Amino acid sequence: MQSKSIILSALAQDRGGKLVLALLMAAVILVPMANLLLPAGHPLHIETFTVSLMGKYLSYAMLALAVDLVWGYLGILSLGHGAFFALGGYAMGMYLMRQIGDRGVYAHPILPDFMVFLNWQELPWFWQGFDQFWLACLMVVLVPGVLAYVFGYLAFRSRVSGVYLSIMTQALTYALMLAFFRNEMGFGGNNGLTDFKDILGFSLQQDSTKIGLFVCTGLALAVSYIVCRTIVSSRLGQVAMAIRDTESRTRFMGYDVDGIKLWIFVLSAVIAGIAGALYVPQVGIINPGEFAPLNSIEVVVWVALGGRATLFGAIVGALIINYAKSWFTVEFPEVWLFALGGMFVLSTMYFPKGVIGFLSDVADRVGQRKSSSESNVYQSERGAGEVVQ
1 MQSKSIILSA
11 LAQDRGGKLV
21 LALLMAAVIL
31 VPMANLLLPA
41 GHPLHIETFT
51 VSLMGKYLSY
61 AMLALAVDLV
71 WGYLGILSLG
81 HGAFFALGGY
91 AMGMYLMRQI
101 GDRGVYAHPI
111 LPDFMVFLNW
121 QELPWFWQGF
131 DQFWLACLMV
141 VLVPGVLAYV
151 FGYLAFRSRV
161 SGVYLSIMTQ
171 ALTYALMLAF
181 FRNEMGFGGN
191 NGLTDFKDIL
201 GFSLQQDSTK
211 IGLFVCTGLA
221 LAVSYIVCRT
231 IVSSRLGQVA
241 MAIRDTESRT
251 RFMGYDVDGI
261 KLWIFVLSAV
271 IAGIAGALYV
281 PQVGIINPGE
291 FAPLNSIEVV
301 VWVALGGRAT
311 LFGAIVGALI
321 INYAKSWFTV
331 EFPEVWLFAL
341 GGMFVLSTMY
351 FPKGVIGFLS
361 DVADRVGQRK
371 SSSESNVYQS
381 ERGAGEVVQ
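This is the structure:
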C-alpha cells in the first residue's frame, strides 16, 4: 500500500505523464484489436508490419526516457547510451540465435551459422547457457548495468564532468563498435546476429507473436516511466536536480554526490538495455551499427525536441522524430538527414524547452490571461457596486 501511495503521489502532479500513459495503454489495447479483429480491407485495420514498426518506436521511446533521466535530472549529457541499448540487444540476440538449432543454413545443432562459416569448432564459453531465456533476461540487465557501474565509478570518482564526460561516453560506444565488428569477438562481426526463428517457442513470423512483443514493449515503457517519475519526484530526485544545478554546493552539504550519480546512471543503462532487448526480436537483427556514436547523438536530439527534464517529453520526441524519419525515408529519402538537422536547429532556436516546454508555456500564458481577465472583471464589478452604494 505504501509503494502504491508513493507512485500515485508521484503521478498526481504529472498531467502530461498521465496523458501519455493513458494514450499508451489505449494503444496497447486498441492496436492488437485493430489488427486481429478487423478484416484487412477495413479502414481501421492495422497491418502487422505497422504493429512491429510501432513496437520499434516504443523501444526507442524507452531509450529516450533513459537518456532524459540522466541528462534532464543529473545534467549528464551521455553520448553513449546506444552502447547499453546495443548490449541489451546482443544479449537477447544470443538467446534467439541459440533457439535456431539445426534449422540454420548449415543445420548445426549447437553452433550458429556464422560460427560454422568461420570454422569455429565449439561454442565459446560466453555463449554457454544462452539457450535459457532466464539467463538471457539476466544478462540483458546485468551486462549494461555492470558496464555502466564500472564506467560511472571511474568517471564520477575522478570528478569527470561536462563535455569531457560526454566525450568519454562517446569514446566508449565507439570502442565497442570497433570491437564488435571483429569476427574474433564471436558476435557475428559485421553482419551481427539475424535469421531468428522463435522466442519462447513462439514463431517470430506469426502475427500473434509480433503483437505480443508490441504489448510487452508498451507495458515495459509504462513501467519504466512510472519508475523514473517516482524517482525524480522523491527526495533522491530533488538531490539529483540539485547536483545538476550546483554540484559543488550539494557536495559541500554532505550528500554522496558520486553515489547518487552512479546509482541513477546504472538504472538508466538498465532501462536502455531492456529497450534493446525488446527492439531486437521486433526488427529481426542486431549488428555493430547499433553502437555507432551517431545513434546516441540522435537520441539526444529526440530528448531535446520533446522536452528535456520532463520524461514524457522524451517519449513524445522519440515517437515524433522516428515517425517523421519513416515518412521522410519513404517519400523523400535524400533529404532525411537535412530534415533531422533542420528540426534540431529550429527546436534549439524557437523551442529551447522542446515541444512539451513550448506547449506548457503557452498553457501558462493562457491561464494567466484568463485569471487576469477574471480579476479585472471582479474589480470592475466591485467598483460598480461601490459607486451604486
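Each residue of the sequence shown is one higher than the last, beginning at 1 in the UniProt record's numbering.
Even for Gly, the Cβ is constructed at its ideal location relative to N, Cα and C.
Note that this is a predicted model, so its numbers are computed, not measured.
### Message
Which of the three DSSP states is assigned to Ile286 in this structure?
### Response
strand
### Query
Using DSSP with H/G/I as helix, E/B as strand and the rest coil, what is Ser203?
If DSSP states are grouped into helix, strand and coil, Ser203 belongs with the strands.
### Backbone secondary structure at Gln13 - three-state DSSP
coil
### Query
Ordered along the chain, which non-local residues of its own chain (more than five positions away) have a Cβ less than 6 Å from that of Ile286?
Answer for Ile286: Gly89, Tyr90, Gly93, Gly192, Leu193, Val280, listed in chain order.
### Message
What does the alpha-carbon distance come out to for the pair Val223 and Gln121?
### Response
43 Å
### Task
Within 10 angstroms of the Cβ of Asn35, are there 16 or more other Cβ atoms? Answer buried if so, exposed if not.
Asn35 should be labelled buried.
### Message
Quick check: the Cα distance between Leu8 and Arg229, rounded to an integer number of angstroms?
### Response
10 Å
#### Entry: Contained beta strand (DSSP E) runs [length at least 3] in the stretch 17-67, N- to C-terminal order
none
### Message
If I follow the unbroken alpha helix (DSSP H) through Pro144, where does it start and stop?
### Response
That run of the alpha helix (DSSP H) goes 133-157.
### Query
I think Leu172 touches Gly80, with their Cβ atoms under 8 Å apart; what is that distance to the nearest whole Å?
5 Å
### Message
Between the alpha carbons of Tyr149 and Phe265, how many angstroms are there, rounded?
### Response
Their Cα atoms are separated by approximately 8 Å.
### Query
Does the Cβ of Leu200 have 16 or more other Cβ atoms within 10 Å, making it buried, or fewer, making it exposed?
exposed
### Query
Going by beta carbon distance, what residues of the same chain come within less than 6 Å of Trp302, once the five residues before and after it are set aside?
The answer, listed in chain order, is Ala64, Gly317, Ala318, Ile321.
#### Entry: Reference Leu294; option with closest CA among Thr246, Met177, Ala12
Met177
### Element boundaries [alpha helix (DSSP H), containing Ala309]
Ala309 -> no alpha helix (DSSP H), and no H or E assigned at all.
### Task
Determine the burial state of Val270: buried for a count of at least 16 other Cβ atoms within 10 Å of its Cβ, exposed for fewer.
buried
### Query
Ordered along the chain, which non-local residues of its own chain (more than five positions away) have a Cβ less than 6 Å from that of Tyr57?
Leu319, Asn322
### Beta-carbon contacts of Gly16 that lie in its chain and below 6 Å, excluding the five residues immediately before and after
Phe312.
### Message
For Ala220 and His108, I'd like the C-alpha separation in whole angstroms.
### Response
Approximately 35 Å between the Cα atoms of the pair.
### Query
In whole angstroms, what is the alpha-carbon distance linking Gly341 and Asn119?
44 Å
### CB-CB length for Asp198 against Leu204, believed under 8 Å
Separation of the CB atoms of Asp198 and Leu204 is rounded to 6 Å, and the pair is thereby assigned contact status at 8 Å.
### Message
I believe Phe358 touches Phe351 by the beta-carbon criterion, under 8 Å. Please report the beta-carbon distance rounded to the nearest angstrom.
### Response
5 Å
### Query
By the 10 Å Cβ neighbour count, where 16 or more other Cβ atoms means buried, how is Phe332 classified, buried or exposed?
exposed
### Task
Taking only the alpha-carbon atoms, compute the straight-line gap between Gln128 and Leu44 and give it to the nearest angstrom.
46 Å
### Message
Once the 5 residues before and after Arg244 are set aside, which same chain residues still bring their CB inside 7 Å of it?
### Response
For Arg244, the CB contacts under 7 Å within the same chain, skipping 5 residues up- and downstream, are Tyr73, Leu74, Gly75 in chain order.
### Query
Cβ of Ala86 within 8 Å of Cβ of Glu290?
yes
### C-beta contact flag for Tyr95 and Phe130 at 8 Å
yes
### Beta bridge counterpart(s) of Leu193 as assigned by DSSP
Ile286
### Query
Near Ser233, which residues of its chain fall below 6 Å by C-beta distance, leaving aside the five closest residues on each side in sequence?
If we look at Ser233 and ignore the five residues flanking it on each side, its Cβ neighbours are Ala10.
### Task
Might you give, ordered along the chain, the residues of its own chain that have their beta carbon closer than 6 Å to the beta carbon of Pro124, omitting 5 neighbours on each side?
Here the set comprises Gly186.
### Query
Considering only residues of the same chain and omitting the five flanking positions on each side of residue 392, which have a CB-CB separation below 6 Å?
It is not possible to answer for residue 392, since the shown part of the chain is limited to 1 through 389.
### Message
Measuring only the C-alpha atoms, how far is Cys216 from Phe252?
### Response
44 Å
### Task
Alpha carbon to alpha carbon, how far is Val105 from Val227? Give it in angstroms, no decimals.
43 Å
### Query
Hey, which unbroken runs of the beta strand (DSSP E) at 3 residues or more fall wholly within the stretch 210-284?
none
#### Entry: Whole-angstrom distance between Ala304 and Val388, CA atom to CA atom
Summary for Val388: the model assigns pLDDT 49, below 50, so the residue's position carries little reliability; its value from the coordinates is reported in the next sentence. Computed Cα separation, rounded: 57 Å.
#### Entry: Extent of the continuous alpha helix (DSSP H) to which Ala339 belongs
336-350
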